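Numbering (UniProt numbering), first residue to last: 1 to 319.
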């Protein structure tokens, strides 16, 4: 459904050229949900906009929905649905009219467009809003309206750029179910996200992108298996004991990524649960009191940390 090789996009700035996407190769098969995971500014949206024909690649080639990106951009546009990060509706327009007009651009008859639109309004929690002005909708409602616009012509390839941004937890969960339903009916979905739980819950495969380059790919489980060991967190009663605990941890066979942050010591180690009893005995023998212990299996944030040296959660918290 999507095949891209060596995609590059360079932007000109006052400080000189900036290579936002640097030689991206990717493939998306029919019927897959593939996620593009990375922080803001990593190149996710730029790559998606190239594949959706909204901006031209500086170099590289791609075939999207059976059409050559450079030779047949109109063919690509006819076959895809695209939901951008920013809204695509006019503030003064009536929501239902926007949906119908958008569908008619794709050759959908007016009556059929209205029927489809009203069904999507029900499925995406927009009942009773068909005749409302777009400017009177809440942020979450406008976001769901954007999604209706991208789905109204029933495309088989759907690009969703951060689709759940601005949605409350219930609306996010409902949209996830709708996306799974689209895949069950034969659609292929390419989604950008910086939400770790979203990528983990929805995607058949994940492409990890950082600073314009794909640094990892695989199923969520395959990516997690690349991370060495379980994560262990030790919460100390006294932060002054963190150096001593770190030293004890360093003596464990296989312990890596040992970090002390105030009264907390974090590290990774294979089979974390099995080594914990001996570790706790060693800490207790030093007269050091713990307030809490946590062992967790690798997460997608651990994957991103391993591949880039930075935590995706921390990146988003400071964005």
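C-beta atoms are modelled at their ideal positions from N, C-alpha and C, and glycine is treated no differently.
Fair warning: this is a prediction, and the values are worked out from it, not measured in the lab.
Local conformation of residue i per DSSP, three classes
i: residue 155; result: coil
i: residue 75; result: helix
i: residue 146; result: helix
i: residue 282; result: helix
i: residue 205; result: strand
i: residue 271; result: coil
i: residue 5; result: strand
i: residue 260; result: strand
i: residue 101; result: helix
i: residue 288; result: coil
i: residue 227; result: coil
i: residue 319; result: Legend: pLDDT at residue 319 = 49, less than 50; position of this residue unreliable, no value from coordinates given.
i: residue 200; result: helix
i: residue 55; result: coil
i: residue 184; result: helix
i: residue 255; result: coil
i: residue 311; result: coil
i: residue 330; result: The structure shown has nothing for residue 330, since the chain only spans 1 to 319.
i: residue 246; result: helix
i: residue 140; result: helix
i: residue 41; result: coil
i: residue 113; result: helix
For residue i, the first and last residue of its enclosing beta strand (DSSP E)
i: residue 194; result: Where residue 194 is concerned, there is no enclosing beta strand (DSSP E), given that its DSSP letter is neither H nor E.
i: residue 23; result: 16-28
i: residue 125; result: Counting along the chain, residue 125 falls outside any beta strand (DSSP E), and DSSP gives it neither H nor E.
i: residue 63; result: 59-64
i: residue 305; result: Residue 305 -> not in any beta strand (DSSP E); alpha helix (DSSP H) instead, spanning 300-308.
i: residue 37; result: 33-37
For residue i: DSSP bridge partner residues
i: residue 178; result: Residue 178 pairs with nothing; no bridge assigned.
i: residue 133; result: 94
i: residue 11; result: 18
i: residue 294; result: 233
i: residue 218; result: 206
i: residue 83; result: 160
i: residue 89; result: DSSP lists no partner for residue 89.
i: residue 265; result: 234 and 260
i: residue 189; result: 33 and 158
i: residue 213; result: 210
i: residue 68; result: 63
N-terminal and C-terminal residue of the alpha helix (DSSP H) that residue i is part of
i: residue 238; result: Careful: residue 238 lies outside any alpha helix (DSSP H) and carries neither H nor E.
i: residue 108; result: Here residue 108 belongs to no alpha helix (DSSP H), and DSSP marks it neither H nor E.
i: residue 49; result: 44-51
Distance cut-off 8 Å: residue i Cβ against heavy atoms of the ligand FAD
i: residue 181; result: Of ligands this structure carries none, so the ligand FAD is not represented either.
CB-CB length for residue i against residue j, believed under 8 Å
i: residue 94; j: residue 52; result: No, residue 94 and residue 52 are not in contact; Cβ-Cβ is about 26 Å, not under 8 Å.
i: residue 156; j: residue 117; result: Not a contact, Cβ separation roughly 19 Å.
i: residue 264; j: residue 233; result: 6 Å
i: residue 196; j: residue 299; result: 7 Å
i: residue 63; j: residue 54; result: Contact doesn't hold; Cβ gap of about 17 Å is too wide.
i: residue 16; j: residue 59; result: No, residue 16 and residue 59 are not in contact; Cβ-Cβ is about 18 Å, not under 8 Å.
i: residue 260; j: residue 242; result: 4 Å
i: residue 38; j: residue 194; result: 7 Å
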